[in-house]
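One point on numbering: in numbering that gives the first Met the number 0, the residue at position 185 of the sequence shown is 184, and numbering is uninterrupted. Reviewing the structure listed below.
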Amino acid sequence: MTASLLHDSPRVTEGVTEPSVPAPAVWRKAARILVRILSTAGMVTAIGAFLFLAVGPRIFGYQTSTMLTGSMSPLINPGDVVVSVARPAAELKTGDVITYGIPVEDHRVETHRVIEVDRSADGTVTVRTKGDANPGADPWTATLQDDTVAVHTNTVPYLGTAIRTLRDPLIQGALTYGAPALLVGVLLAAIWRKPTAARRSAS
């Protein structure tokens, strides 16, 4: 009876454990995946921004500019990219938001709302503008020199801020030297890991 019980009892094998992945290897794998995701996302974003800012205007005829002040908040905030399309100046109306060169000081490009339009007999169009967030109208009257004027159609939030950030010398240096260094580090880690894995298999 005793022998029968010993024969039927389950056998326990000592010294056999399920293989486990060392913690450092898990972290290295997670780091590689994260780097790959970030690299892919950065590349896709960069390509998309390039197509939108450099290629799109040539194909679709729109123009882009970056809002630098809060004069048009909350419609357009600092760092937003303003997308405008050319419209005949003769069709301009009160309430349109236009991007144009102001007729005073440094003739900088401004994006403000039209509050008054005047058309003379010879077809000359003059406008008065105002920033939505400003308490008063702009202190000038602008004569539109061209037959068309850039009228706001869309706003891309934060894109201008991202572009300015990428143009910062420190960020450019980090991208220029940091990304290759990170890639080299990942490659060296992969090379170092292969002999270690081979030794474990042999043992």
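Where a beta carbon is used, it is the ideal one built from N, C-alpha and C, also for glycine.
Residue i to residue j span [Cα, whole Å]
{"i": "tryptophan 26", "j": "methionine 42", "result": "24 Å"}
{"i": "phenylalanine 49", "j": "tyrosine 99", "result": "24 Å"}
{"i": "glycine 116", "j": "valine 80", "result": "Checking the sequence shown, residue 116 turns out to be valine, not glycine. Near 25 Å, if we compare the C-alpha coordinates of valine 80 and valine 116."}
{"i": "serine 64", "j": "aspartate 121", "result": "31 Å"}
{"i": "alanine 40", "j": "threonine 142", "result": "45 Å"}
{"i": "glycine 78", "j": "arginine 118", "result": "33 Å"}
{"i": "valine 103", "j": "valine 54", "result": "32 Å"}
{"i": "tyrosine 61", "j": "arginine 31", "result": "40 Å"}
{"i": "leucine 33", "j": "glutamine 144", "result": "52 Å"}
{"i": "alanine 136", "j": "leucine 74", "result": "17 Å"}
{"i": "valine 155", "j": "proline 87", "result": "24 Å"}
Rounded distance between the beta-carbons of residue j and residue i, thought under 8 Å
{"i": "threonine 128", "j": "valine 150", "result": "Going by Cβ atoms, the distance from threonine 128 to valine 150 rounds to 12 Å, so no, they are not a contact pair."}
{"i": "methionine 71", "j": "threonine 123", "result": "At roughly 26 Å, the Cβ-Cβ gap does not stay under 8 Å, so methionine 71 and threonine 123 are not in contact."}
{"i": "threonine 125", "j": "threonine 140", "result": "5 Å"}
{"i": "alanine 132", "j": "glycine 69", "result": "6 Å"}
In DSSP terms, what residue i is bridged to
{"i": "asparagine 153", "result": "Val82"}
{"i": "proline 87", "result": "Thr147"}
{"i": "threonine 128", "result": "Val113"}
{"i": "threonine 140", "result": "Its beta-bridge partners do not exist; DSSP assigns none."}
{"i": "threonine 98", "result": "Thr110, Ala149"}
Buried versus exposed, by CB contacts within 10 Å (16 or more), residue i
{"i": "serine 83", "result": "buried"}
{"i": "glycine 159", "result": "buried"}
{"i": "glycine 130", "result": "buried"}
{"i": "leucine 91", "result": "buried"}
{"i": "isoleucine 97", "result": "buried"}
Secondary structure, alpha helix (DSSP H): runs of 4+ residues fully inside the stretch 17–82: Counting whole runs of 4 or more residues, the stretch 17–82 contains the alpha helix (DSSP H) stretches 22–49, 55–59.
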